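*Asks:*
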Amino acid sequence: MTKITIIGSEKSGKTTLAGKLGKKSNVTDITMYDYAKNDRILTTIDATGYPASVKALVTALNLSDIALLCIPPTGLDPLSAECIIALDLMNYKHGIVVLTKSDTSYAIAQEELQAKLKKITAGTALENWDYISVSTSSFEGMEELKELIFTVGDRVAEELKELDSLRPRIYIDQSFNVTGIGCVVLGVTTQGTINAKDKMIAYPTKKELEIRSIQMHDVDVKSAPAGSRVGLALKGIQSKDIDRGFVVSQEETVATDFTMKCTLSPLAKEFNLGDMLHLYVGLQSAPVKVMEITEGENKVEKASPGKEYILKLSGSKEVAYSKEDRFIFANLDEKQRFIAFGYEQ
12 MTKITIIGSE
22 KSGKTTLAGK
32 LGKKSNVTDI
42 TMYDYAKNDR
52 ILTTIDATGY
62 PASVKALVTA
72 LNLSDIALLC
82 IPPTGLDPLS
92 AECIIALDLM
102 NYKHGIVVLT
112 KSDTSYAIAQ
122 EELQAKLKKI
132 TAGTALENWD
142 YISVSTSSFE
152 GMEELKELIF
162 TVGDRVAEEL
172 KELDSLRPRI
182 YIDQSFNVTG
192 IGCVVLGVTT
202 QGTINAKDKM
212 IAYPTKKELE
222 IRSIQMHDVD
232 VKSAPAGSRV
242 GLALKGIQSK
252 DIDRGFVVSQ
262 EETVATDFTM
272 KCTLSPLAKE
282 FNLGDMLHLY
292 VGLQSAPVKV
302 MEITEGENKV
312 EKASPGKEYI
322 LKLSGSKEVA
332 YSKEDRFIFA
342 NLDEKQRFIA
352 FGYEQ
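As structure tokens, then:
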């Protein structure tokens, strides 16, 4: 299966495009669309809660393997630029830049826009992404886009196979009760292979559970490899005890305070000792206060764009994570909100 997220500004045509790639299913601050034909299965996510919510964008991207960045003929605006910064901070490996509304533009204008975007994204995670022009009105490029998505999806599938042998982790994005079954959750197996009857733990609450059964696209299966979109019936836990953002695993670190080695985006604004930031890891988010900033060997009062720091951060919300997880930081008081990425020290 292939999982994509479609992002961009409100006028980019992203939501219309998402609706052309599948049938609408779950709707929250993200909207999911499902497509299945022969052996091809596509899950498309539209971060409909963005731009009001940064969390909706981060959630959608972390539930997917491929990002489609939609740019209309008018070019970049502050929100699409913010999306580029977010993708770069997340080091988002696979993606396609979709030049939307091609029926309202000329071929030479599309070529000029593509050249401009390639120049802007040089040196970022988007540097080697594919480009394609589409129209949801004339359907120009739509079939080619689907083929390109599945081609990139094949490369992703090969990479995911390398994660099958790792300890299993599942990001949970929905939880509910089903009469006669009990607690059911939906999520993505980010690494490892899960099996029915596996005993695991829900973090950050550290509640023990057992995977009673597994479904993939409404079909019962005995196991699910890395990258699978799964529905799990769980034993030993109630739906009220597990929520979006939880990690089902066998071992996670749980903390409210953090020491992070962070690299600030060159396009971010500086922040100061005592400022409140938001951290994002997986599907979780938490407000944290900057308690200490260290640059090299020296403690400083502020952090400047493009530099690397050790930050001591204090919060009140428990967050579950693994040592290898990449944290993203945002300042929700700024117009361009994404500011840094970091790893726990």
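Sequential numbering of the sequence shown, starting at 12, is according to this note's numbering. Every residue, glycine too, gets a C-beta built ideally from N, C-alpha and C. Computed from a predicted model, the values in this text were never measured in an experiment.
For the stretch 145-154 against the stretch 304-322, do three or more pairs of beta-carbon atoms, one drawn from each stretch, fall closer than 8 Å, so that the two count as touching?
*Replies:* No, the stretch 145-154 is not in contact with the stretch 304-322.
*Asks:* Around the Cβ of Val299, are there at least 16 other Cβ atoms within 10 angstroms (buried) or fewer (exposed)?
*Replies:* For this step, residue 299 is matched to residue 288 along the sequence shown. Classification of Val299: buried, given that the 10 Å Cβ count is 16 or more.
*Asks:* Please say whether Thr59 and Ile17 have beta carbons closer to each other than 8 Å?
*Replies:* Locating residue 17 in the sequence shown gives position 6, counting from the first residue. Locating residue 59 in the sequence shown gives position 48, counting from the first residue. Result no, Cβ atoms of Ile17 and Thr59 do not sit closer than 8 Å.
*Asks:* At what residues does the beta strand (DSSP E) containing Glu329 begin and finish?
*Replies:* Position 318 of the sequence shown, counting from 1, holds the residue named residue 329. Taken as a continuous stretch (DSSP letters only), the beta strand (DSSP E) holding Glu329 covers 319-332.
*Asks:* Contact between the stretch 208-224 and the stretch 247-259: three or more CB pairs below 8 Å?
*Replies:* Output reads yes: the stretch 247-259 touches the stretch 208-224.
*Asks:* Distance check for Cys194 and Ile77, CA to CA, integer angstroms please.
*Replies:* If you number the sequence shown from 1, residue 77 lands on position 66. If you number the sequence shown from 1, residue 194 lands on position 183. Going by the C-alpha atoms only, they are around 30 Å apart.
*Asks:* If you draw a straight line from the C-alpha of Phe282 to the C-alpha of Ala314, how long is it?
*Replies:* Start at 1 with the first residue of the sequence shown, and residue 282 comes out as number 271. Start at 1 with the first residue of the sequence shown, and residue 314 comes out as number 303. If I take the Cα positions, the gap works out to 5 Å.
*Asks:* Closest to Val241 by C-alpha separation, out of Gln125, Asp286, Ile205, would be which residue?
*Replies:* Numbered from its first residue, the sequence shown carries residue 241 at position 230. Taking only the C-alpha atoms, the option nearest Val241 is Ile205.
*Asks:* Would you call Gly191 buried or exposed, if buried means 16 or more other Cβ atoms sit within 10 Å of its Cβ?
*Replies:* Taking the first residue of the sequence shown as 1, we reach residue 191 at position 180. Looking at its Cβ environment, which holds fewer than 16 other Cβ atoms inside 10 Å, Gly191 is exposed.
*Asks:* Taking the alpha-carbon positions, what's the Glu93 to Ala207 distance?
*Replies:* If you number the sequence shown from 1, residue 93 lands on position 82. If you number the sequence shown from 1, residue 207 lands on position 196. Those two C-alpha atoms are separated by around 41 Å.
*Asks:* Could you spell out where the beta strand (DSSP E) holding Ile18 opens and where it closes?
*Replies:* As a working note, residue 18 is residue 7 in the sequence shown. Its beta strand (DSSP E) spans residues 13-19.
*Asks:* Around the C-beta of Lys34, are 16 or more other C-beta atoms found within 10 angstroms, so that it is buried, or is it exposed?
*Replies:* Taking the sequence shown and counting its residues from 1, one reaches residue 34 at position 23. Flag for Lys34 reads exposed.
*Asks:* Whose C-beta lies closer than 7 Å to the C-beta of Trp140 among residues of the same chain, with five residues either side of it excluded?
*Replies:* Taking the sequence shown and counting its residues from 1, the one referred to as residue 140 is at position 129. Taken in chain order, the residues that qualify are Gly106, Ile107, Val108.
*Asks:* In its own chain, which residues sit with a C-beta less than 6 Å from the C-beta of Ala266, not counting the 5 before and 5 after it?
*Replies:* As a working note, residue 266 is residue 255 in the sequence shown. If we look at Ala266 and ignore the five residues flanking it on each side, it has no Cβ neighbours.
*Asks:* Using 8 Å as the threshold, is the stretch 95-102 in touch with the stretch 336-356, meaning 3 or more CB pairs across them?
*Replies:* Result yes; three or more Cβ-Cβ pairs closer than 8 Å.
*Asks:* With a threshold of 7 Å on Cβ separation, who are the neighbours of Ser146 within its own chain once the five nearest residues in sequence on each side are excluded?
*Replies:* Looking up residue 146 in the sequence shown gives position 135. Hits under 7 Å: Lys112, Ser113, Asp114, Gly152.
*Asks:* From Glu158 to Ala168, what distance separates their C-alpha atoms?
*Replies:* Against the sequence shown, residue 158 aligns to sequence position 147. Against the sequence shown, residue 168 aligns to sequence position 157. So the two alpha carbons sit approximately 15 Å from each other.
*Asks:* With hydrogens ignored, establish whether the beta-carbon of Leu171 is closer than 7 Å to any heavy atom of the ligand FAD.
*Replies:* Absence of the ligand FAD is noted for the structure shown, with no ligands found whatsoever.
*Asks:* Look at the alpha carbon of Gly10 and the alpha carbon of Arg255, and state the distance between them as a whole number of angstroms.
*Replies:* Since the first residue shown for the chain is 12 and the last is 356, residue 10 is missing from the structure and cannot be characterised.
*Asks:* If you count every other CB in all the chains shown that lies within 10 Å of the CB of Asn49, and 16 or more means buried, which is it?
*Replies:* Residue 49 sits at position 38 when you count from the first residue of the sequence shown. Counting Cβ neighbours within 10 Å, Asn49 comes out exposed, since fewer than 16 surround it.
*Asks:* Starting from Asp184, trace the beta strand (DSSP E) in both directions and tell me its first and last residue.
*Replies:* As a first step, residue 184 must be located in the sequence shown, where it is residue number 173. Unbroken beta strand (DSSP E) run through Asp184: 180-189.
*Asks:* What are the uninterrupted segments assigned as beta strand (DSSP E) that are 3 or more residues long and contained completely in the stretch 74-146, given in chain order?
*Replies:* 77-82, 106-110, 141-144, all fully within the stretch 74-146.
*Asks:* Measuring straight from C-alpha to C-alpha, what distance separates Val301 and Met271?
*Replies:* Here residue 301 is taken as the residue at index 290 of the sequence shown, counted from 1. Here residue 271 is taken as the residue at index 260 of the sequence shown, counted from 1. Their backbone Cα atoms lie some 11 Å apart in a straight line.
*Asks:* Give the range of the beta strand (DSSP E) segment to which Glu154 is assigned.
*Replies:* Position 143 of the sequence shown, counted from the first residue, corresponds to residue 154. Careful: Glu154 lies outside any beta strand (DSSP E), inside the alpha helix (DSSP H) at 153-172.
*Asks:* Tell me the DSSP bridge mates of Asn342?
*Replies:* Position 331 of the sequence shown, counting from 1, holds the residue named residue 342. Beta-bridge pairing links Asn342 to no other residue.
*Asks:* Contact between the stretch 67-87 and the stretch 37-53: three or more CB pairs below 8 Å?
*Replies:* Result yes; three or more Cβ-Cβ pairs closer than 8 Å.
*Asks:* Going by beta carbon distance, what residues of the same chain come within less than 8 Å of Lys310, once the five residues before and after it are set aside?
*Replies:* As a first step, residue 310 must be located in the sequence shown, where it is residue number 299. Within the same chain, Lys310 has close Cβ partners Glu303, Ile304.
*Asks:* Output yes or no for whether 8 Å exceeds the beta carbon distance between Leu275 and Lys318.
*Replies:* Position 264 of the sequence shown, counted from the first residue, corresponds to residue 275. Position 307 of the sequence shown, counted from the first residue, corresponds to residue 318. Result yes, Cβ atoms of Leu275 and Lys318 sit closer than 8 Å.
*Asks:* For Ala297 versus Lys323, is the C-beta distance shorter than 8 Å?
*Replies:* What you label residue 297 is simply residue 286 of the sequence shown in a count that begins at 1. What you label residue 323 is simply residue 312 of the sequence shown in a count that begins at 1. Their beta carbons are not under 8 Å apart, which means Ala297 does not touch Lys323 by this criterion.
*Asks:* Under a three-way DSSP split, which group does Ala244 fall into?
*Replies:* Taking the first residue of the sequence shown as position 1, residue 244 is located at position 233. Three-state DSSP puts Ala244 in a strand.
*Asks:* Closer than 8 Å by C-beta to Ile82: which residues in its own chain qualify, once you throw out the five before and the five after it? Chain order, please.
*Replies:* One-based indexing of the sequence shown puts residue 82 at position 71. For Ile82, where only same-chain residues beyond five positions count, the Cβ hits under 8 Å are Gly19, Ser23, Ser91, Val108, Val109, Leu110, Thr111, Leu124, Leu128.
*Asks:* With a cut-off of 8 Å on the beta carbons, I'd call Ile181 and Thr200 a contact; round off their distance for me.
*Replies:* Along the sequence shown, read from residue 1 onward, the residue named residue 181 stands at position 170. Along the sequence shown, read from residue 1 onward, the residue named residue 200 stands at position 189. That belief holds up - the Cβ atoms of Ile181 and Thr200 are roughly 5 Å apart, short of 8 Å.
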